[in-house]
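Heads up: take any position in the sequence shown, counting from 1, add 3, and you land on this note's numbering.
Built from N, CA and C at the ideal position, the CB exists for glycine as well.
What follows is a single structure, written as structure tokens, with notes after it.
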Amino acid sequence: MLSSYGTSVFEVMSRLAIEHRSINLGQGFPDGNGPADVRAKAALFLEDRPNQYPPMLGVPELRQAVAAHGKRFYGLEVDWQREVLVASGATEALAGCLFGLIEPGDEVVLLEPLYDSYLPIVRRAGGVPRLVRLVPPAWELPRDELAAAFSARTKLILLNSPMNPAAKLFTREELAFIAELVLRHDTYAVCDEVYEHLVFDGRAHIPLMTLPGMRERCLKIGSAGKTFALTGWKVGYVTAAAELLPPVAKAHQFITFTTAPNLQRAVAYGLAKDDAYFHSLRSELERKRDAFAQGLAAIGFDVLACEGSYFISADFRPLGFAGDDVEFCRHITTEAGVTAIPVSAFYESAAPRHFVRFAFCKEDEVLSAALERLGRHFRRN
Ligand SMILES: Cc1ncc(COP(=O)(O)O)c(C=O)c1O
């Protein structure tokens with residue numbers, strides 16, 4: 004039952020942050036307002052284009068732009084008419100894929116730590132989760148356990164790369180290992196790639212879909228929210244083989260049916276922006292990551308590697324705090340005025356208990372104020 008799920012830790016921490024006027028580095032949304040030109044297009048399209056129900060699969064401009072983006076960045080040949088679907092955010096795209104493909108009793112392989120909407124939707128769709136754990140600080144893919152999680156009952160694997168909250172980018176070797184399992188067990192892969200453009204240090208994001216044999220088996224999900232730092236827009240897109248897309252479209256038809264047409268058109272404009280935009284998106288975030296990581300390390304945190312996404316995690320044990328990660332997040336919210344998210348929230352059970360996740364997609368002043376507050380607090384204690 005969905006009602007059996009409690010209030011999420013994101014909500015609990017955000018409420019606590021408001022109550023204590025704490026700097027909220029919990030939830031992963033940028034505090035800027037997104038690119039002005041993309042917003043201007045949305046405003047224009049609100050006035051001079053139709054505002055009635057757009058086509059169920061998405062406006063042609065955006066489906067064409069998603070196909071062109073797949074070709075431009077990954078060399079994918081995509082038929083925009085039969086292989087692209089626009090949804091209301093990656094969250095709805097995920098729900099569409101999972102409700103569309105899972106039959107009651109099907110097994111679904113998922114990697115922990117995981118994004119909070121995955122398990123409730125898999126279970127509501129009748130799927131049986133098979134969880135495989137990656138653990139900090141190395142977040143290595145446990146290959147034997149992953150292989151053992153696949154069976155004749157597996158319908159699909161849900162893969163998130165770059166991965167939230169691990170900030171891990173799966174390597175070609177790891178993806179090849181996953182692809183081999185997908186082929187051997189004749190399954191699908193739902194690929195949550197919302198952070199595809201937020202990868203650092205010159206690394207390249209590799210969609211599983213580009214590996215041999217994967218084009219027909221992967222459903223690749225992207226999000227304008229992350230690619231344009233416009234998380235409130237909730238415009239997502241699915242790319243999948245023409246045979247795979249119809250069940251997803253059927254689910255989407257009954258979930259939201261469509262997404263605001265002006266936002267879709269503005270995102271189409273955005274996806275065609277020049278390389279400079281995509282480079283600066285990365286380099287700006289990379290700069291923030293470096294400054295924030297250095298600041299945390301100087302305070303005494305053991306900071307984990309961050310290869311992509313909006314997030315960086317850190318071990319707080321060197322600070323001498325005796326409690327677990329939830330207690331630590333409450334403590335720094337109420338005592339230091341900075342809010343983070345306990346990494347254990349991304350595991351169903353037996354989670355690691357001494358890592359916290361910070362979102363660094365914030366203005367420089369906000370990040371330095373947070374470091375200042377944490378520094379002051381831990382120097383005093
Ligand atoms: C891994 C992952 N998938 C999906 C989403 C949701 O994307 P959207 O806002 O486009 O629904 C998020 C947002 O934080 C995320 O971290």
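Query                                                                                                                           : Result
Cβ separation of residue 328 and residue 359, assumed to be a contact under 8 Å, to the nearest whole Å                         : 6 Å
As assigned by DSSP and simplified to three states, the class of residue 66                                                     : helix
Beta-carbon proximity of residue 136 to residue 115, cut-off 8 Å                                                                : yes
Below 6 Å from a heavy atom of ligand 1 - residues by beta-carbon                                                               : 31, 92, 93, 94, 118, 163, 167, 195, 197, 226, 228, 234, 237, 239
Within-8 Å CB hit, residue 45 to chain C                                                                                        : Among the chains in the structure shown there is no chain C, since it carries only a single protein chain.
Cut-off 7 Å between Cβ atoms - residues of its own chain near residue 150, not counting five sequence neighbours on either side : 184
Sequence-distant residues of the same chain with beta carbon closer than 6 Å to residue 289, five excluded per side             : 203
DSSP three-state assignment for residue 190, whether helix, strand or coil                                                      : coil
At least 3 beta-carbon pairs within less than 8 Å: the region 172-181 vs the region 350-357                                     : no
Classification of residue 267 by the beta-carbon crowding that lies within 10 angstroms, buried from 16 upward                  : buried
Classification of residue 229 by the beta-carbon crowding that lies within 10 angstroms, buried from 16 upward                  : buried
8 Å Cβ cutoff met for residue 222 and residue 197                                                                               : no
Ordered list of beta strand (DSSP E) runs contained in the region 302-352, each at least 3 residues                             : 314-318
Which of helix, strand or coil DSSP assigns to residue 166                                                                      : strand
Proximity to residue 338 [Cα-Cα], best of 377, 346, 365                                                                         : 377
Residue 171 - partner residues in DSSP beta bridges                                                                             : 166
Nonlocal neighbours in the same chain, by C-beta distance under 6 Å from residue 281, ignoring five residues either side        : 200
Start and end residues, beta strand (DSSP E) containing residue 240                                                             : 239-243
Minimum C-alpha distance to residue 45 - residue among 119, 271, 121                                                            : 271
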